[in-house]
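Okay, so here's the structure we're looking at.
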Amino acid sequence: MNIFRLAGDMTHLASVLVLLLKIHTIKSCAGVSLKTQELYALVFATRYLDIFTDFISVYNTVMKLIFLGSSFSIVWYIRRHKIVRRSYDKEQDTFRHYFLVLPCLLLALLIHEKFTVKELLWTFSIYLEAVAILPQLVLLQRTRNIDNLTGQYVFLLGAYRSLYILNWIYRYFTERHFVHWITWIAGLVQTLLYADFFYYYFESWKNNVKLQLPA
Amino acid sequence: ADESDVKDEL
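Protein chains in written order, with this note's numbering: chain A, 40 to 254; chain V, 46 to 55.
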């Protein structure tokens with residue numbers, strides 16, 4: 040475990056916990072895309088199937104349980120909580136996420152490492168994670184104003200992905216370990232999606248103005 | 046599964 044990997048996991052953990060805390064504390068999910076949260080819950084559900092079969096480490100298992108628990112809790116809060124659900128902006132959060140799930144499913148059936156159910160679902164989760172943030176980015180552009188917690192959420196997710204890329208580079212040079220090219224390409228595409236957001240996030244931070252994404 | 050196969054990342 041290298042520092043980039045640990046920092047990446049901690050940043051990822053912070054992103055989901057910050058979001059869950061926001062929703063739990065202020066009983067509002069304004070600005071949060073339910074579609075993105077459902078996609079992340081699906082990503083974790085299809086990726087962490089090995090939690091029952093392969094034991095890697097206590098850390099690995101605990102983190103998987105936290106990610107599963109927090110992502111499903113967030114979906115539950117937005118869908119079911121009698122107060123939170125009122126602040127969900129369903130008119131704006133209209134990204135048809137089936138248009139993301141189906142292509143990822145097909146791509147996993149076409150391009151994978153091994154043709155086993157577990158491997159296909161794992162590959163599907165890698166592709167889906169790469170695009171899961173799209174409904175949230177679209178919602179941020181539609182609502183134009185970004186309340187700082189949602190901005191922080193996207194920022195932390197982007198930081199987690201960037202740190203994972205540093206982790207892969209570090210492992211390549213130190214352990215001669217290379218991640219599978221599917222993981223590498225999907226991870227790169229996912230991180231590039233955040234690059235645009237980062238630019239506007241830093242611009243607004245530098246000029247100390249409210250973050251406005253171009254329409 | 047050999048080492049590289051084990052998916053040790055989250």
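Every residue, glycine too, gets a C-beta built ideally from N, C-alpha and C. Here the structure is a predicted model, which is why all the values come from computation and not from measurement.
| Item | Value |
| --- | --- |
| Sort A:Leu52, A:Ala80, A:Leu231, A:Tyr240 by Cα distance to Gln136 of chain A and report the nearest one. | Contrary to the premise, residue 136 of chain A reads as His rather than Gln in this sequence. Comparing Cα positions, the closest option is A:Ala80. |
| Quick check: the stretch 68-79 of chain A against the stretch 175-183 of chain A, are at least 3 beta-carbon pairs closer than 8 Å? | yes |
| Could you check where the alpha helix (DSSP H) with Ser126 of chain A kicks off and where it finishes? | Note, Ser126 of chain A: premise wrong, no alpha helix (DSSP H); not H, not E. |
| Just reading off the alpha helix (DSSP H) that Arg86 of chain A is part of, what are its end residues? | 73-86 |
| Of the choices A:Leu141, A:Leu148, A:Phe43, whose alpha-carbon is the least far from that of Leu78 of chain A? | A:Leu141 |
| Nearest by alpha-carbon distance to Lys103 of chain A: which of A:Thr50, A:Ser67, A:Trp115, A:Ile90 is it? | A:Ile90 |
| Can you find the residues in the same chain that come closer than 8 Å, C-beta to C-beta, to Thr152 of chain A, ignoring five residues on each side of it along the sequence? | The question names Thr, but residue 152 of chain A is Glu in the sequence shown. Taken in chain order, the residues that qualify are Glu158, Thr162, His219, Ile221. |
| Would Ile113 of chain A and Ile62 of chain A qualify as a contact pair, given that the criterion is a beta-carbon distance under 8 Å? | yes |
| Please report the straight-line C-alpha distance between Leu173 of chain A and Gly190 of chain A, rounded to a whole angstrom. | 14 Å |
| Please state whether DSSP places Ile172 of chain A in a helix, a strand or coil. | coil |
| Using CA atoms only, rank isn't needed, just tell me which of A:Phe241, A:Met40, A:Thr182 is closest to Ser96 of chain A. | A:Met40 |
| Alpha helix (DSSP H) containing Gln229 of chain A: first to last residue? | 220-245 |
| Alpha carbon to alpha carbon, what distance is there between Thr100 of chain A and Phe94 of chain A? | 7 Å |
| Which residues, taken in chain order from the stretch 226-254 of chain A, show a beta carbon closer than 8 Å to some beta carbon of chain V? | none |
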